[in-house]
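**Student:** One structure, pasted below without further comment.
Now the structure itself:
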């Protein structure tokens with residue numbers, strides 16, 4: 001751009017010098033006039049070219065701005081997706097932790113019999129206790145009876161001794 005304006009500036013300076021010569025010299029030839037027209041056309045073409053470059057640069061700037069906005073939008077969407085993935089990851093970690101706790105608790109629970117088995121065992125033990133209590137009562141009655149009989153025997157022996165000693 002800078003080179004183009006410098007060369008255009010030189011051309012304009014040359015054009016002015018040629019124009020001054022052409023005006024001062026009444027017998028200036030048509031070739032000088034044609035050279036001036038060519039320089040003017042060249043300058044116009046440079047100006048048009050610079051205008052097109054400027055317009056193209058403005059379009060590119062708009063495109064870059066649009067592209068920048070799209071990239072910013074995608075970055076924002078990416079951040080939202082990342083936050084969603086982080087939440088999913090936290091949930092997955094929680095689920096994994098819950099599964100591990102469940103497995104460890106289930107291992108402990110499996111060591112013990114089921115409720116039905118425990119209830120059946122308790123019923124069986126209660127029945128055994130009932131039978132044992134009945135046996136105990138029967139044995140206590142028997143012991144009491146034998147104790148009375150022994151007391152009667154001892155009393156009778158003492159009575160007999162007393163009678164024999166008299």
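Numbering (the working numbering), first residue to last: 1 to 166.
No residue lacks a Cβ here, since even glycine has one placed at the ideal position from N, Cα and C.
(1) Could you give the DSSP three-state label for residue 64: helix, strand or coil?
(2) Does the separation of the CB atoms of residue 37 and residue 14 fall below 8 Å?
(3) When you compare only the Cα positions, how much space is there between residue 144 and residue 126?
(4) Helix, strand or coil for residue 72 per DSSP?
(5) Return the CA-CA distance between residue 158 and residue 166, expressed in angstroms with no decimal places.
(6) Over the uninterrupted alpha helix (DSSP H) stretch that includes residue 134, give me the two end residues.
(7) Which word fits residue 3, buried or exposed, when buried means at least 16 other C-beta atoms lie within 10 angstroms of its C-beta?
(8) Does the beta-carbon distance from residue 12 to residue 43 come in below 8 Å?
(9) Please return the same chain residues whose Cβ sits closer than 8 Å to the Cβ of residue 121, not counting the five positions on each side in sequence.
(10) Specify the secondary structure class of residue 167 as computed by DSSP and reduced to three states.
(11) Does the distance from the C-beta atom of residue 18 to that of residue 35 stay below 8 Å?
(12) Which class does residue 85 belong to by DSSP, given the choice of helix, strand or coil?
(13) Which of helix, strand or coil does DSSP assign to residue 185?
**Tutor:** In short, the structure shows the following:
(1) Position 64 of the chain shown, counted from the start, is the residue given in the question as residue 64. Note: residue 64 maps to helix in three-state DSSP.
(2) Position 37 of the chain shown, counting from 1, holds the residue named residue 37. Position 14 of the chain shown, counting from 1, holds the residue named residue 14. Cβ distance not < 8 Å, so residue 37 and residue 14 don't count as in contact.
(3) Locating residue 144 in the chain shown gives position 144, where the first residue counts as 1. Locating residue 126 in the chain shown gives position 126, where the first residue counts as 1. Looking at the two C-alpha atoms, the distance is approximately 26 Å.
(4) Numbered from 1 along the chain shown, position 72 holds the residue referred to as residue 72. Here residue 72 sits in helix by DSSP.
(5) As a position in the chain shown, residue 158 is number 158, starting the count at 1. As a position in the chain shown, residue 166 is number 166, starting the count at 1. Between residue 158 and residue 166, the C-alpha separation is close to 12 Å.
(6) Within the chain shown, numbered from 1, the residue matching residue 134 stands at position 134. That run of the alpha helix (DSSP H) goes 115 to 165.
(7) Position 3 of the chain shown, counted from the start, is the residue given in the question as residue 3. Reliability fails at residue 3, whose pLDDT of 42 lies under 50, so the model's placement of it is uncertain and the value that follows must be treated cautiously. Residue 3 comes out exposed.
(8) Position 12 of the chain shown, counted from the start, is the residue given in the question as residue 12. Position 43 of the chain shown, counted from the start, is the residue given in the question as residue 43. A contact, by the Cβ cut-off of 8 Å.
(9) Residue numbering aside, residue 121 sits at position 121 when the chain shown is read from its first letter. Cβ within range, chain order: 113.
(10) Nothing can be reported for residue 167: it is not among the residues displayed for the chain, which extend from 1 to 166.
(11) As a position in the chain shown, residue 18 is number 18, starting the count at 1. As a position in the chain shown, residue 35 is number 35, starting the count at 1. It is a contact, given that the beta carbons lie within the stated cut-off.
(12) The residue labelled residue 85 in the question sits at position 85 within the chain shown. It is helical.
(13) With the chain covering only 1 through 166, there is no way to say anything about residue 185.
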